[in-house]
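Trainee: Structure below; questions to follow.
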Amino acid sequence: MAKKGKRLQDAAKLVDRSTLYTAEEAIALAKQTSTVKFDATVEVAFRLGIDTRKNDQQIRGAVVLPNGTGKTQRVLVFAKGDKIKEAEAAGADYVGDAEYINKIQQGWFEFDVIVATPDMMGEVGKLGRVLGPKGLMPNPKTGTVTFDVTKAINEIKAGKVEYRADKAGIIHAPIGKVSFDTEKLVENFVAVFDVVQKAKPAAAKGTYMKSVNVTTTMGPSVKIDPTGVVVK
Numbered sequence: 004m005a006k007k008g009k010r011l012q013d014a015a016k017l018v019d020r021s022t023l024y025t026a027e028e029a030i031a032l033a034k035q036t037s038t039v040k041f042d043a044t045v046e047v048a049f050r051l052g053i054d055t056r057k058n059d060q061q062i063r064g065a066v067v068l069p070n071g072t073g074k075t076q077r078v079l080v081f082a083k084g085d086k087i088k089e090a091e092a093a094g095a096d097y098v099g100d101a102e103y104i105n106k107i108q109q110g111w112f113e114f115d116v117i118v119a120t121p122d123m124m125g126e127v128g129k130l131g132r133v134l135g136p137k138g139l140m141p142n143p144k145t146g147t148v149t150f151d152v153t154k155a156i157n158e159i160k161a162g163k164v165e166y167r168a169d170k171a172g173i174i175h176a177p178i179g180k181v182s183f184d185t186e187k188l189v190e191n192f193v194a195v196f197d198v199v200q201k202a203k204p205a206a207a208k209g210t211y212m213k214s215v216n217v218t219t220t221m222g223p224s225v226k227i228d229p230t231g232v233v234v235k
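When you read off a place in the sequence shown, starting at 1, and then add 3, the result is the number in this note's numbering.
See the structure below:
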């Protein structure tokens, strides 16, 4: 443990906590200071000037990262009739209805994302207590409650990530892996930055984007200057 702590301390020394870096500098530094032996996830955190207690200031959505996440998502689809065949053809890992609802109720979670057709939500809603706390409940705002299951599956497999502001007004989102080129991570970051920027509620007062940080699994946090981010 001491060795690991020393590595983290040495890595943290490379980051100037008082500096606001450009997105490219910050991401390159986050990659450089990753000390773990596995291909760590690179994550961005936005601290927003919103009051999440108010319905008109809650932010939630999804974005397809141009360069994917570096992780293959296992997709479970709740559907019936012809939509079962469509989901299977589109590459869903699991497709069904009551059988999978029962499995989840018994503690099965061998999947990463759930897609449900609207006519299945009455049944899927029964899993709210189990899926809600894990952030797995399908939602129309993130495109996971839809009859267009082919599009939903294709987007998830291509690198779609969901984002949601927590009670403190912070959004966390993965933008790839340490093994990605810095340029590809920057492109993914800009895609997330763009949708979060555009999601600014009309009712939000004062500074909207209070801080933006990039970090890797167990790595130090690096601050990004949000005013210098160029969205193409």
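From the three backbone atoms N, C-alpha and C, an ideal C-beta is built for every residue, glycine too.
Small disclaimer: the values here were computed from a predicted structure and weren't measured.
May I have a chain-ordered list of the alpha helix (DSSP H) segments no shorter than 4 residues that lie completely inside the stretch 51–111?
Mentor: Runs of alpha helix (DSSP H) with 4 or more residues, each lying fully within the stretch 51–111, are found at 85–92 and 101–108, listed in chain order.
Trainee: Roughly how many whole angstroms lie between the Cα atoms of Lys160 and Gln76?
Mentor: 6 angstroms
Trainee: Can you check DSSP and say which residues form a bridge with Lys226?
Mentor: Asn216
Trainee: Quick one: give me the first and last residue of the alpha helix (DSSP H) that Ala26 is part of.
Mentor: Ala26 to Gln35
Trainee: Between Ala31, Val80 and Ala90, which has its C-alpha nearest Ile104's C-alpha?
Mentor: If we check each option's Cα against that of Ile104, Val80 comes out closest.
Trainee: Got a sec? Which residues, its chain only, sit under 7 angstroms from Thr210 by beta carbon, not counting five neighbours each side?
Mentor: Gly52
Trainee: Quick check: what's the CA-CA separation for Arg20 versus Phe49?
Mentor: 16 angstroms
Trainee: Would you list the one or two residues that DSSP bridges to Pro177?
Mentor: In DSSP, Pro177 forms a bridge with Glu46.
Trainee: Under 8 angstroms by Cβ, that's how I've got Val152 and Thr120 pegged, so tell me the actual separation to the nearest angstrom.
Mentor: 7 angstroms
Trainee: Just tell me which of Lys74, Lys208 and Ala65 has its CA closest to the CA of Asn142.
Mentor: Nearest of Lys74, Lys208 and Ala65 to Asn142, Cα basis: Ala65.
Trainee: Kindly indicate which three-state DSSP category Val234 falls into: helix, strand or coil?
Mentor: coil
Trainee: Could you name the residues that DSSP lists as bridge partners for Ala119?
Mentor: Phe81 and Val148
Trainee: Under three-state DSSP, which class holds Val307?
Mentor: Because the chain in this structure spans residues 4 to 235, residue 307 falls outside the shown range and cannot be described.
Trainee: For Val18, I'd like the list of residues in its chain whose CB is within less than 8 angstroms of its CB, leaving aside the five on either flank, ordered along the chain.
Mentor: Leu32, Thr36, Pro223, Ser224 and Val225
Trainee: Taking the alpha-carbon of Glu165 as reference, which of Phe41, Ala26 and Glu46 has the nearest alpha-carbon?
Mentor: Glu46
Trainee: Identify the continuous alpha helix (DSSP H) that holds Val39 and give its terminal residues.
Mentor: Per DSSP, Val39 belongs to no alpha helix (DSSP H) and is neither H nor E.
Trainee: Glu165 bridges to which residues according to DSSP?
Mentor: Ala65
Trainee: Determine the burial state of Met140: buried for a count of at least 16 other Cβ atoms within 10 Å of its Cβ, exposed for fewer.
Mentor: Met140 comes out buried.
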